[in-house]
Every structure is written in structure tokens, then in C-alpha cells.
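Protein chains in written order, with the working numbering: chain D, -14 to 409; chain S, 54 to 1009; chain E, 29 to 113. Glycine included, every Cβ here is placed at the ideal spot set by N, Cα and C. To start, the structure itself, in C-alpha cells.
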Amino acid sequence: MMINIITIMQKYSVFSLARNALSGHRNWPQAWRSPPLKDSYDVVVIGAGGHGLATAYYLAKEFGITNVAVLERGWPGGGNIARNTVTIRSNYMRDESIPFYVKSVAMYEGLTDDLNFNMMHSKRTMVDVVQTWPKLRELRRRQLTMDIYGSTYEQITTEEVRKRIPALTGGGPDARLPVICGMVHTDAGVNRHDAVAWGYARAADARGVEIHQQTAVQSLLRGADGKIEGVETNRGVVKAAKVVVAVSGHTTTLTETAGLKLPLRTMNLTAFVSEPVKPLVDVIVNCPDSGFYFSQSDKGEMVIGGAPDMGQSFRRDIKQHVFEDTVAAMLSLFPSFKKLKLMRQWGGHLDIAHDASPIMDQTDVPGLFVTAGWWGGYKAIPAGGLTLAHLVAKGAPHPLMAPFTLSRFRHLDFVMEAGTTTAR
Amino acid sequence: MAQSNRRAAGGRIDRNQPLRFTFNGNSYEGFEGDTLASALLANGVRVTARSFKYHRPRGIMGHGPEEPATLVELDGEDASGNRPATTVPLREGLNARSVNCWPSPEFDLGGVNQLFARFIPAGFYYKTFKWPNWHLFEPSIRMAAGLAAAPFKPPSKGHFEARYAHAEVLIAGAGPAGLKAALDAARAGKRVFLADEGTEAGGSLLNRNLTISGRPAMDWVADAVAELHGMQNVTHLQNATVWAYREHNLLIVNERAPEQGSILERSWRVRAAEVVLATGATERAMVFGGNDRPGVMLASSVQAYVNRWAVNVGTRVALFTNNNSAYAVAADLAAAGIIVTAILDSREHIPKEALDLVPGLPVHPATVAAGMFGHKRVRAVLAAPLSGGASKWIKCDVLAHSGGWNPTVHLWSQSRSTLQFDEDLAAFVPDQAVQPCRAVGAAAGDLTLDRIIDGGEDSAYGIEPLWRVDVPGQRGKAFLDIQNDVTVSDVHLALREGYDNVEHVKRYTTGGMGIDQGKTGNINIIGTVALQKGLPLQEVGTTTFRSPYTPVSFGAIGGLREGWGLFPYRHTPVTQWNKDNGAVMYEAGARWRRPGYFPKSGEGLQDAVSRECRAVREGVSVYDGSPLGTFELKGRDVPRFLDFIYSNIMSNLKPGEGRYGLMLSEDGLILDDGVAFRLDEHRWLISTSTGHADAVNQHMEKLLQTEFPDWQVMITTVTSQWNNATICGPKAREVMQALDTDIDLSPQSFPFMSFREGAVAGLPARVVRVSFTGELSFEINVAPRHMAELWDKVMEAGAPFEILPVGSESSHVLRVEKGFLSLGHEVDGTVDAYDLGMGWVMSKKKSDYLGKRSIELRRSGGGKRHELVGILPVDPNQKIPEGAPLTPGGRKEATEGLVTACVWSVVNDHWVGLALLENGHARQGETAHVRLKKNVIPVTVTKPVFHDPEGKLLRS
Amino acid sequence: MLLIPCPFCGKRNESEFIYGGPVGADRPDPNAATDQEWVEYLTVMPNPLGPVQENWWHARGCGDWFTIWRDTRTHDIVEAPDGTK
């Protein structure tokens, strides 16, 4: 049965494109189906964002669990995956984190082939522009630990930094914060966020997973035994013995309906893009001491991220003073950007855990799983989806995600990666 | 040829001020009052751009910020890219060129893309360029994208500035509705802030020939502006775009080229009690085959060029409309002597009041444009009756089209206020306001002047929407987004493939994602989706409106505060002395800069640091310790407060005594370390690390004000009230004596960790015996006004002892030798006091203090602990990089520790280090292994102290 | 940028203030609370889709610590819900 479905998925290639061009592109099939909503599934995934779709895909692909529904309040790929800066990297500090992100980066690099959808993955390197000695010490620490896990990080001189980033004309010896050196993370890259969402949706659908748009989960349903039983939606009750909550920002809104308390707060993270200009910067530029990072998209826009607003918020707002600080910091290092224009800016809300590290686990409600606390979770989508699917399917955490379970809070054993970088 | 299309008279241009300019290398002339677009049209320039994807020739289509087609780059002083030609005021010497074409829009090599158009539909790149990999294709795609050239240098002169303003009423837009709102509010005495994006007030009235109570409407505008200018309570800005509507009625205004010469742009942050959005309406395009050809223009723009800029954009104009507004255009054209060859109207029944405007002109009801003839300039339009009769070509050199009007709701929507689809107007209009805000005039759906101004004369709107032309025999691509080359068939393809949410359509096709943010076309995309899905437009909904309304330069947003303005630094009275004496200055936290070291000429870092260390260990040194955070606490309850925030007991200190302590967070993490001194019964002095002073202040104030409001504790930050010179080293006491002090310096009467007040070198001083180096130290605190004098006297008195000023590098070495804690090194959010071998600082007697319960809880979990140890490289000359991991046996596997510091120890003649090592306290004497990329360094695990382990010297 | 009503100075721009986090549960007696109660007190904060009580410090003003109720959906500063301070 599954094999049949796979053959129905039309292979995308330059040949299929040419063939369809001749028929006026009238024969392209739907990227995913719109099946009727059933009464019950083996697994319900709430949220068709990156993590939800990836979890559903790997449940089907790796664990043969295909009776899965992804329920989405809005549209697939409309979560934070639609509002991020597509930075994919593995330059973390701790043993808990590095191998997880190394895995995720590797999976991203193979995703175009795996999903037969061009992710436009561009492994274009991240260059950290270092302006203080304590930051350099921290990055060197990362470098030496990352090497154990095969992630690359090398120090380069200021001259080399300026050669790789010609637009970096600020931060000279007399500047307030002079550039003292750079760190190069060659594993870092960017890709197309919509392609990731659509690629996972299409491939999951081809394996039998159902994606239901405009299906808002209003509450979680527990049985008399306390176990999860299903969800209540705007389209009625859907039963499932396993429910995955993958709704960044709104995790607690949902888990509270099951009487669960989680150490999460919701806040805003904003980003902005410039007008499109001809190629100027071909690496991801990260300036942790100045508090911003950017890369130039294939469309020519500078995609820029800065600091989060720590206040709780479900309103995707821009804090003008925080935004102005980020821009001023950017202009300090890139004075020619004064003439560049802001084209669009946006905010997204995400939930952040008490120790600012992600949470992936089965909760105290049997059968209820959460993936939350992602702050910069875009880069974690493949590994997050795979390891959560492993947990859902096997009932035991995948070794790579073991550090991120809820049990760490039981003895306040935090995973302290917070505040250690700017690029998210 | 010069200005061949310029009318002989009329228009709001100054014919006495001719301006020469260059466009794509050709020279032209225009007049003051022109935009680049109007001047190009006056000169008969038709092909002004090439499109983004297919490189089709394009002309000027609009007359304001909605312009989707012609983007230019400017050279010279005001260099910038991606500017709609319609928003560039003409000036003498302006040098502009089209973006995205080479060598010119007339002959563009990229035009070859047109031949492949059928192979590059929406989303094609998701399906292709995968083999062998994306990297092969990416560089050429990047080169092709991007429109204008990237800026490579900042403005060569001039600067940006920012201002705050407070208004009782902020009005966005100085068209008829905005001016009226401004007059009403100003006459009522309110503080009014009126901002308009155009060069002059009037809005749509600038472009139209309307009357108010029988007088020309522009006379009314002139009267209104004059009255407003006469009132003190009004701020009226032109060239000022309200581009962002933030929370709590904060609006951001970008004012370009304000009157002062050197200011390039000014950013206004306006907090308004009430906001009135009089942002007008934008004409939307008709969607039909060939609707992007040069010469196909918005009807209102054709009208604006004739009336405002006195430019006949064509000699034979055809119109295509679905509403009455184009009839007024036709009337103006006819009055200007332009031949109107046809008015195609998709409506079957055309209101009489529209027909009355165009007596004698050929009106074709129930007829649509279904194609354009002409490649680089329009020559004819294919008129197709909706009834299905025969189509016919009608000659024209301009097609003026009106698909209706969209209230400009960008700001409204940015404020999070809601929209609803108005069936009568066939447009999204403001619905519920969620901030103190209202929309007026065309922005609120009042699209004709008679509904805005008493006495305003205008014909009714009368729209019957037509989202796209759909007749048999339609010719050519029908564009929904001109800038991003998105066609109707692209949207159909997206829908066919299941990308059926309007956000999906936008992202899959890139429709509406250009610089114009789809001002003329987004609604047609929504309409096309609605038609295809059989849904009402309300249900399809709009995509999110995001700031900015129009692009804003980053210079205007942050250009005032870059560098030193953003991050001012703090300096002490001896900063200049340090610099004059060759100090290499370091960032020291909390915006302080401190000397790192004082190299002699030709001396490297290590030699200088070793020399400074030797002076401290063997002679005497001085450093400026002023940046250390210092707080004076006063009140009856200070003792119990300190006992709560420090892990050890402070309350039993006697006046004049001090003690080292740790502050923990409630999580049991280390917040700071420092010393507390009791000055007298109710006055205490505490010091914090430099970088954490602000955090500690916040922490203490929060506790006192939110948790213990009844406790009598008053905190004063005195970091900058007391500066200090710290004399340090075996000869420190001798230097102190040479300085002449009335304080008894003997160890018996002035022991370690005590405090004395007196005179030093004739200056009132507080002297403290603390030590961050392990040597005898006297910290002499004086008022800032005495600091420079004290410093000079210390150097003078110390000269016979060869006193050396020392920096933070040697301080680091000395504290490592002593195993003293440095928060930035040994504390990374995972270790506690026990791990650091400082269990003695964790009071057993107190039943409660901050962090106590959490540390007990954490340690009860039995997790692995990383404990502070000393490390000695087996090879004494082997340096170890700070941050290096320790792994079991030096193997490539998960770490068991971390080198937090490693320094060359002059006294040991050996590299010595500190490390956090799993179970480290029990491993003293063992060999551990530092794993580097290329080698493994064996180290001996020791106690974390390499100098004077008994602490005799600092107590001496 | 919020406009925050400082009880002492009146309405001021958010840039004058430092955010002090949401008001959590009262501190339990550390010697009586169970481990779970203690962890919950430390790590679980109110995260409502609606009004939340939060601490602000007028650091670049009068120095007052105070609380406001702010709606996380709209950022409107609202009156304290009934029954709270």
C-alpha cells in the first residue's frame, strides 16, 4: 500500500518540469492531499510547522507509523518556520548540544535528495566577527569541543575576516569595539524555509500521513486513567493514543488544557530583510558582541536577526528601541548599509524554557509528547523530528535527545547554552 | 526631442528652473517639481526597466510609491538603489539608471529569458537545480537576482538624526481627509502632528481637476496649509512617510531631506494619543494579457502626469475600467487635447453620471482589454466584448486602466486593527480598531471627494469588480505582480499543486513580495484565488501587512547612534594617564575599559605580563581598581538582608571588618562574588565584580522592593563616588608609609579584611585591606576629584621602590596562581560553590538564604559534578589554550572537563592552569588529558593553588 | 516600545525600564516545600494568552520596582483582574 502511494508522488526533476511545460503546467499533481478527517489515528501531531511535519515524516519513514494526522490551525508551514532566518549550524558549546546539531546539519545536507524537493541548501559558511576577548575565549572553547564531534570551527585574522566580508569596513582599531579576529564555521548554511515545510509535507503525505489545514485543536482530552485520549478540534473530536504537541509559542496554551504545567514562557523574536541587491556577502555573518547576524538570500535580500524581546508576548510586534539598537550595531560594523533600505520586518513568538534549551519528551500525561522551547529551532528540524519520532515510536528517548528531556528539571540540571551566541 | 511630451502650460512645475539629469547615460532636461518619472515621460522615454524574471521591457506605470515597474539606482551624493522612479524628486545633475538590466532596458541581454519562460513557472526552482547539486546553480542565480547594486560606501557627507514627538493627534496623509482632520483637531486646540509622504500637500487633489464649493480644490488645500502653518500647536511635515505603526500608538516617521542642510534624513518617533489614518487609496491594476507593456499605465497616473506635471504621456489614449473614476481621467485627457480612442468598460450598465463626463467619447460597455499589440511600446489594445462577439484592435499609444481602488490600510493593519471585505467597494476596508486610531477619507472607503469635504464635487465610484480578464482569445501573459513577474497562470499552478492558502500562493509564486509589497496587485491575487476556489474574498483574506509601508534606509533608523553613541564607555580619572603611559586598553565589562598591560617599546604581551607579575610578587605595583562595583547599604535590616543574599554569614561582622562572600541566584547558580565591609552599626559597603555590578544592583533592589518592602535597607551605588588605587606587593606597606598616612599600617592594628578611614597623601581616604593577587594589598579609595592627584603621588612615592602600574592580564595570572575565582572563567552556569572547593562559604547555620534549597536539591540528584582543580602540564613549557576540553585518556569522546585558565607562572617557572574536572577533587595526583585537535597534553591534577597556599603573604 | 505607567513618574517609554519577569508564585518555605513544589516554584511561570502580571524596574528613572498587568495578546496595559492586587 505504501509503495503505491510513493509511486503516485510525481518525481520532480528537470525532465518532469520540461514535460509539464509542454502541457502548459496543467498536469502537476497536488503537493499533498486534502483527505477527509477521520475519527481516530495512531498518532496526532498538533502543528504543521517544521518540527510537526518532520516528526510525522520520520514516524512514517523510519518507524512505519503512517496512520498519522497533522492538525494545523492555519496553513502548513505557517508556524515559526515561515518567520525565521534559515541559519543552519552546529557551533554549540556543550556535549549535550553539539552532536544533536551536527546530526541535524548533516540531515539538512541530504534533505533535497531525501524529500525530492530542492531545499536550495547552500553551505556557505558562517563567519563570527569577534570584538571582545571574553567572547573569543568562549568561541575557542566551542571550537575545541566541537572538534570532538566533527564540527568545524577555525580562527582567522582580522585581515582574513575583512577579505571574506568586504562590506565589513567598520570596527577598525580606533572603533568602540574593534574587530579582533574571526571564527569560521564551514558547516553552516542556509536554505529555503518554505521548501523545508513543503518538502516534508509532500513527502509525509506520500507516505500516508494526513495533513489537515484549518483544523484548530482547542483542547487535549484525557481518559479516566489519565492517559491522553485525543484532541478536541473545531471539526470535532479526534482520538489518538499518542498526541504530539509541536506548536511553538502556544505549547502551554494547549498543555494547560490537560492540566500540565511546563517551564515555558512565550516571547517575541524579530527579524528583518533589506531590499534586494546584487551579491555582496556570500557567508553568514554573525556578530555576537554587537548582537546581530545576517546573510544575503539568493534573492539578494540581507536577512538580519537580532536580540529577542524578553517580555512575554503572543503579539508579533517589533520593539522599536531594540530594533534601532540592532540597526545601529549593524551600521557600526557595516557603515555602507546606511544607504541600504529596510524592506520588511516581522516578529514571531516562540516559547523559551527556563534554561533556554529545548524540551522534547513524553510528559507526565501518558501518551502526550511535547517538542518545545525551540529558540533557533529551525536548524534542529530534521534531528528534532527524527529523535521525537523515535521517542513516540519506541517509548524511549533517542540518545541525541536524552539531554533535552523534561527530567532534567527534576534536579535543576539545566543545559546552559543560553546567551552564548547571537545567530539563531 | 527635448521634453517633447511636455504641455505648453499648466502643471505644478517651475518652468523657470530647468534641471539637467542623466538616465542610463543619456542626458535630459526637466523642471523643478518633476519626479524622475514625470521628467522621463516628458522626454518621451518609454522603456525604462526590465522585469525581474523574464526581463520583459517595462515602462512607468504609476506615479507614486505604488510604482511596480521602474526601479532605478542613483549615483552621486544621494546614491541609493531600488528607488521607484516615481518617488525620486528631480534635481540638477541627477544621475540614474535602471536596475536589473544590461546594457540598457532598450537592449537587455537578459531578455533571452523570455524564450524560456514556459520552463520557469512559479516554484520551478523547488523542482529543479537539484542535480548534481544546488551549488552549481546558485552563483548565477544570485547574480541574476538582487536588482540594484549593493552599496559599498556610506554617505560621504551629512548625517542622520532622530527625534521624539508627542502628539494629541497624529495624522498620516495630507490629502483632503488628512487636512480636514488636521484643521478640525488644530482648531480645537490639540497638538497636531501631520505627516505626508509627498513633496507637497494635497494628496489626490494634486492630480485631479476638482472643485470645492465652486473653487479649484487646490485653492482649498493652499488655504488649509496656510491656516495650519499659522498655528503653534501644529507640526506639518512633507516628504515624511509614516512607515510603522507600533504598540501603544507609537508611530515612526521617516522625514527625507529636512530643511537643515547637513541632515540627510530624520527619524521621528511619535507617541500619539490618537491616530488618524488619512492615507488615501491606491489604484489597482487590471489583469489582462500584456498588461505589463510599456504604455500600459494606471489611469490615475495618466491623469496625474497631465494635470500635475503637464505631461502628455501619449497622443492616443485608450482606457479600460470597471468603475467611474477612469471617466474623470478621460475627461481631463480630452480637455487636454489628447485623443481618447476608446473607453473599455467591463460593466454592462454604465452610470449616467460617468457617461456625462465624456460626451462624444467612444465608450464600449461590457468590453475588456484582452491583449496588447506592441513590444517596447503599445500600439493597440484588443477590445473583447464579454458577450462573446468579435474582438477588435483599437489603436492607442497608452492604455490607462483602473481596476478600482484599495484603501491604503497598511498602517491600519500594522496596528493589528482588523479589516473586512466591503462588497460594495470590492475592497478590504478598516473594521475594528484595536488601538486609539481611526481611518478617514479614502483610507476608510470614502473614495470620492464629496464624501470627504463639504462642497467637494465628485462622481460616484460605481465599481463592479473584475479580478482578472478571462475571455477566450486573450493574448499574452496577464501579470498579477509586475515587479516579481507573477502571472495568473502562476497562481493557478500554485493552486493546482495544493498551495491554496493565500500565504502559500504568495510564497510559492513570490507575488506581493517585491519592494512595492504588491500595492497595485495583491488584491488581484486574492481575487484570482477567490475565483478559482469559489470563495468570497473575505474568506481568502489578506496576507500580513508588515512594516515598513515603503522602504526606509537603515541610516535613518540607526545612523545617529552607531559606534560610540550606541555603546558609550566609562572611564576613570586615570584613563588618560594609562593611555599616555602606553597601556593596551581592554573591554572590562559594564562598558569600562581598563589597561590590559603596559608594554615597553618592542616588548611582547607575554614579556610585559611576566614583568608586571614579577613586580607584584617581588616588589610593588599599583592598579586602578575604580571600575569594581561598589554599593553602600544603610539601615537597620542590612545584616539580615546580606545574610539572605550571600551564602555565608555577614551579620556577625564588626565595624571595620570585612568578609568575602558569594551571591547565588534562587536557582542556585553563582550570581557574583565580592566582599562586604561593615562601616559602622548601620552602614555597609559591598563590592561586586566589574561586569556584574548592574545585575547585582537590580537583584538587590528587586528583592528589597518586591519581596521585603518593610525591611529598612537603602542602597546607594557608589562605584563612581569612590575611585581607588590599589598598591600591591611585598613592598606595599613601605609605599604606603612613603605616601604619608595617619592610619596605623601595622598588621596588628590593620589586619587583612579590614577597613580604615584616614588621610593618605593629604587626601581623605578609605583604605581597605583586600587582595585579589595573594599579595599584601592596600586599596586606597578617594573621591574622584582626588584620584588623579592620588595616582601621581603613588607613582612618586613608589618610584624609589620601582613601582609598576599593572593591567588586567597580570591580575589574571596572579589570581590563577592563587586559585581565586573569576566568574567569567570558572563559572559557566553549571558549577556550585562545593565544586569550586568553597563549601566553607555555604553557611550551615542559616536555615535559609538564596540558592540554598536549589543547591541541595541539585546535589541530591547525584549527577556528575565538575570540580575545580589545578593542572600542571607534564611538560612545564607546554601552554594549554583556555577552553580546551579534558577527555578520558585524551580520546575523541565526550568531555570530562574543561581548562578554564592557563598562565605562565613566573614564581613557578611553569605553565599552570585551572580546570573543571569530573570528580576532580578526588583525582589529585592523577594524570588527566587535554585533548586538542592535533595533540593530547597530559597534565597532573593538583589543588587549585600554586602560590602561598597558606595565604601568609596576603595577611602579612 | 510600550508606554509604561510608572506609579511615581507617570507614563514613560519602555526604554527607560528594565523588564523584571512575570510575577510567579509566592516563595514557598524552602524547608517545608517538596522537591516538586520547589522546582515548580522556580521554573513554572504564568504564561497566559491574556493578562499577565509582570515586574518592571524604572532603572533609568526613579528606581521604583512595580508591577503591571499586560495583555500578552495585545500588549495593552490593563486593570488588574478582580481579586488581585
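- For Trp84 of chain E, there is no enclosing alpha helix (DSSP H); the enclosing beta strand (DSSP E) covers residues Pro79 to Trp85.
- In this chain, the alpha helix (DSSP H) harbouring Pro84 of chain D covers Ile83 to Glu94.
- Counting of Cβ neighbours within 10 angstroms places Glu123 of chain D among the buried residues, the total reaching 16 or more.
- Counting C-beta atoms within 10 angstroms of its own C-beta, His212 of chain S has fewer than 16 neighbours from the protein chains shown and is therefore classed as exposed.
- Cβ neighbours of Ala201 of chain D within its own chain (closer than 7 Å, five residues either side excluded): Arg58, Thr218 and Asn219.
- Runs of the beta strand (DSSP E) lying entirely within the segment 22 to 93 of chain D and spanning at least 3 residues, in chain order: 25 to 31 and 53 to 56.
- Cβ neighbours of Ser282 of chain D within its own chain (closer than 7 Å, five residues either side excluded): Val288.
- When S:Gly515, S:Gln765 and S:Gly146 are compared, the shortest CA-CA separation from Ala407 of chain S is found for S:Gly515.
- Listed in chain order, the non-local C-beta contacts of Asn292 of chain S below 7 Å within the same chain comprise Thr252, Glu308, Arg309 and Ala310, local neighbours out to five positions each way being set aside.
- For Leu129 of chain D, there is no enclosing beta strand (DSSP E); the residue is part of the alpha helix (DSSP H) that begins and ends at Trp118 to Ile133.
- Look at the segment 76 to 97 of chain E: the residues with a C-beta under 9 Å from a C-beta of chain S are Asn83, Trp85, Ala87, Gly91, Asp92, Trp93, Phe94 and Thr95.
- The segment 41 to 58 of chain E and the segment 836 to 853 of chain S do not touch, with fewer than three beta-carbon pairs separated by less than 8 Å.
- Looking from the CA of Pro367 of chain D, the closest CA among D:Glu81, D:Val87 and D:Phe299 belongs to D:Val87.
- The DSSP-derived three-state label of Glu685 of chain S is strand.
- Restricting attention to S:Thr995, S:Lys986, S:Val956 and S:Gly966, the CA atom closest to the CA of Gly973 of chain S is found in S:Thr995.
- Within chain S, the residues Gly616 and Trp617 have their CB atoms less than 9 Å from the CB of Ala160 of chain D, given in chain order.
- Rounded to whole angstroms, the Cβ separation of Leu247 of chain S and Gly231 of chain S is 7 Å, and the two are in contact under 8 Å.
- Its chain contains Leu798 as the residues whose beta carbon lies nearer than 8 Å to that of Gln790 of chain S, once the 5 sequence neighbours on both sides are disregarded; these appear in chain order.
- One thing to note: Leu724 of chain S has its Cβ within 7 Å of the Cβ of Leu717 of chain S.
- By the Cβ-count criterion, Val106 of chain E is exposed, with fewer than 16 other Cβ atoms from all chains shown falling within 10 Å of its own Cβ.
- For the segment 704 to 755 of chain S, the full-length beta strand (DSSP E) segments reaching 3 residues or more read 711 to 717, 723 to 731 and 736 to 741 along the chain.
- In this structure, S:Pro837 is the residue among S:Pro837, S:Ala149 and S:Glu214 with its C-alpha nearest to the C-alpha of Thr625 of chain S.
- Bounds of the alpha helix (DSSP H) holding Pro837 of chain S are Pro837 to Gly851.
- Chain-ordered, the chain D residues with CB closer than 7 Å to the CB of Thr71 of chain E read Pro248, His339 and Phe394.
- Only Phe308, Glu309, Asp310, Thr311, Val312, Ala313, Ala314, Met315, Leu316, Ser317, Pro320, Ser321, Phe322, Lys323, Lys324, Leu325, Lys326, Leu327, Met328, Arg329, Gln330 and Trp331 from the segment 308 to 332 of chain D bring a Cβ to less than 8 Å from some Cβ of chain S.
- At a cut-off of 7 Å between beta-carbon atoms, Phe102 of chain D makes contact with chain S.
- By the neighbour-count criterion, in which 16 or more other beta carbons inside 10 Å mark a residue as buried, Gln570 of chain S falls on the buried side.
- Distance between Glu85 of chain S and Ala61 of chain S, taken at the CA atoms: about 16 Å.
- Residue state for Arg319 of chain S is assigned as strand, using DSSP reduced to three classes.
- DSSP assignment within the segment 233 to 274 of chain D yields the following whole alpha helix (DSSP H) runs of 4 residues or more, N-terminal first: 236 to 240.
- Between Gly333 of chain S and the set S:Val295, S:Asp660 and S:Gly64, the nearest pair of CA atoms involves S:Val295.
- Apart from the 5 residues on each side of it in sequence, Phe803 of chain S sits with its Cβ closer than 7 Å to the Cβ of Ile796, Asp797, Arg809 and Arg822 in its chain, given in chain order.
- Its Cα nearest to that of Leu464 of chain S, the residue S:Tyr298 stands out among S:Tyr639, S:Gly115 and S:Tyr298.
- A straight line joining the alpha-carbon of Asn365 of chain S with that of Leu127 of chain S spans about 26 Å.
- For Cys449 of chain S, the secondary structure class from DSSP, reduced to helix, strand or coil, is coil.
- Asn41, Glu42, Ser43, Tyr47, Gly49, Pro50 and Asp63: these are the residues of the segment 39 to 63 of chain E whose beta carbon lies less than 9 Å from some beta carbon of chain D, given in chain order.
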